[in-house]
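Mapped onto numbering that gives the first Met the number 0, the consecutive letters of the sequence shown carry residue numbers 0 to 341.
Idealized CB from N, CA, C, for every residue including glycine.
Nothing here was measured: the structure is a model prediction, and the numbers come from that model.
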Amino acid sequence: MLRSGLLEASLPVVGAPMAGGPSTVALAGAVGGAGGFPFLAGGYKAAGALADEIGLVRRFGGAFGVNLFVSGSGGVDEAAFRAYAAELQLEAERYGLRLDPRPVVDDDDHWPEKLALLLSDPVPVVSLTFGLPRARDIAALRRAGSRVLATVTTASEARAAQEAGVDGLVVQGTAAGGHSATYDPARPLTPIATRDLVLDVRAAVDLPVVAGGGVDGPEAVRELLHAGAEAVAVGTLLLRTEESGASQTHKDALADPAFTQTVITHAFTGRPARGLRNGFIDRHDASAPFGYPAIHHLTRALRQAAAKAGDADLLHLWAGTGYRSARDGSAAQVIRHLTEGL
Ligand SMILES: Cc1cc2nc3c(=O)[nH]c(=O)nc-3n(C[C@H](O)[C@H](O)[C@H](O)COP(=O)(O)O)c2cc1C
C-alpha cells in the first residue's frame, strides 16, 4: 500500500491518463494487474462513452481513477486567429480540407454531464487537469466517496488547489509529454525539473503528491519518491506498449531516430504541450496564437486527416523527454522495470 493511502495500489507507479486514444481500458487493466494505479482518460469523451469505459474497467476488480479536463471559455486574438487559419489552410489543401475560420471559444468538454455521471456512479479517484472547478463540485465528488486530485505545475497552483479542498496533487513538471496542466495556458512555461517542482510544492502545501514528467527509468522513479512523492506517474513510457491505443504512426515515431528531440508547442491546440519536434511545429510554432480551445478546434480536422494518412510530419506526436526509453512489449513489463529494486 502506498504511503499516505491516497491511491490504493501495491506499487508506487501510476499509469497517467492520456486522452485522445492512448489510455484504453486494456491499458488500465494491465497497469492495475501489474500492481500500479491506472487511470481512464475522460478528456474529449462524451459522458456516455466514459460511462462505458468505467463499466468495463470495473470488471478488473481493482481501484482506478478517472481524469477530467476543467476547460471552459478561452479567448483568442481574432486577427491572429484569422491569419493562422489562412496559414494552415495551405496545409489543409493537401488533404482537400476547408478549415473553419470561425473561432470556437467555449468548450466545457461536457463537464456538467461527466460531473453528474461521477456523482451518481462514483469512482475511487477523480483527477483534474487544466484548472480547478468550483469548490462545491470538488466537495460534491468527495461527498460521493471519490478522492479528488488536482494537477498542478507551480507552487501557487498547488496552494489554490489546497484551498479548493482537494485530497492530493498530481505535480507535473515541464518534461511531461502532452498538454501542460497549467492554469494559465497563455503563459510561456518556465522549465522546471519534476523533482524540483515536487520539493517546491511540498514546501508550499501539506498534501500528498503524485509526481510525473520526464520519467525514463527506475532511477527517475526512485528520485521522485525520494523527493517526497508518494507515487510516480508515467505516460510516455506506456505509449508504445501493446495495450496502448496510441496510433501506429505515433508509436513508430517515438522509436524513429529521425525525431531527435521533444519541444513544447502551442501550434496544435493553442495550449502548451510537449511533443516530438516535426515539420508542423517548425513551420507554425512561431506564428501560432495562444488560445485553447479555438486553435484545438481549428486544427482538429487537419490532425484527423494526418492521423488517417499516417502523416507524422503533420501530426501532434505527444511525448515527454524520456521518449527514447519507451519500449514496446506489455505495460506490465514497463511497470515491473520501473519498480525494480524498490
Ligand atoms: C499522449 C498523451 C496524452 C495525455 N493526455 C492527458 C490527459 O488527458 N489528462 C491529463 O491530465 N494528462 C494528460 N497527459 C499528461 C500525462 O497525464 C502525464 O502528466 C505525463 O505523461 C507525464 O510525463 P511523461 O509523459 O514524461 O511520463 C498526456 C500525456 C500524453 C503523452
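Supposed contact pair residue j and residue i - C-beta distance, whole angstroms, cut 8 Å
i: residue 237; j: residue 26; result: 7 Å
i: residue 242; j: residue 329; result: 7 Å
Close-in-space but distant-in-sequence residues of the same chain around residue i (CB under 6 Å, 5 per side omitted)
i: residue 163; result: 131, 134 and 137
i: residue 65; result: 39, 41, 122 and 125
i: residue 294; result: 268 and 269
i: residue 309; result: 248
Candidates the options, of which the one nearest residue i by Cα
i: residue 43; options: 17, 32 and 34; result: 17
i: residue 333; options: 306, 279, 217 and 223; result: 217
i: residue 320; options: 304, 142 and 175; result: 175
i: residue 153; options: 143, 173 and 142; result: 173
i: residue 80; options: 313, 302, 287 and 325; result: 287
i: residue 76; options: 331, 103, 4 and 52; result: 103
i: residue 83; options: 297, 311, 304 and 315; result: 297
i: residue 4; options: 72, 167 and 58; result: 167
i: residue 108; options: 31, 141, 73 and 232; result: 73
Contact test: residue i Cβ vs ligand 1 heavy atom, cutoff 7 Å
i: residue 42; result: yes
i: residue 283; result: no
i: residue 66; result: yes
i: residue 49; result: no
i: residue 214; result: yes
Own chain, CB closer than 7 Å to residue i, minus 5 neighbours either side, in chain order
i: residue 339; result: 217
i: residue 116; result: 46, 49 and 50
Same chain, Cβ closer than 8 Å to residue i, five either side skipped, listed in chain order
i: residue 185; result: 289 and 290
i: residue 112; result: 45 and 46
Alpha-carbon to alpha-carbon, residue j and residue i
i: residue 68; j: residue 282; result: 28 Å
i: residue 234; j: residue 257; result: 22 Å
i: residue 341; j: residue 35; result: 13 Å
i: residue 181; j: residue 97; result: 31 Å
i: residue 55; j: residue 63; result: 12 Å
i: residue 179; j: residue 171; result: 8 Å
i: residue 228; j: residue 110; result: 29 Å
i: residue 15; j: residue 206; result: 19 Å
i: residue 215; j: residue 94; result: 36 Å
Near ligand 3: residue i beta-carbon under 7 Å from a heavy atom
i: residue 333; result: No copy of ligand 3 appears in this structure; the ligands present are ligand 1.
Contact with chain D by residue i, beta-carbon distance below 8 Å
i: residue 191; result: No chain D is present in this structure, which holds just one protein chain.
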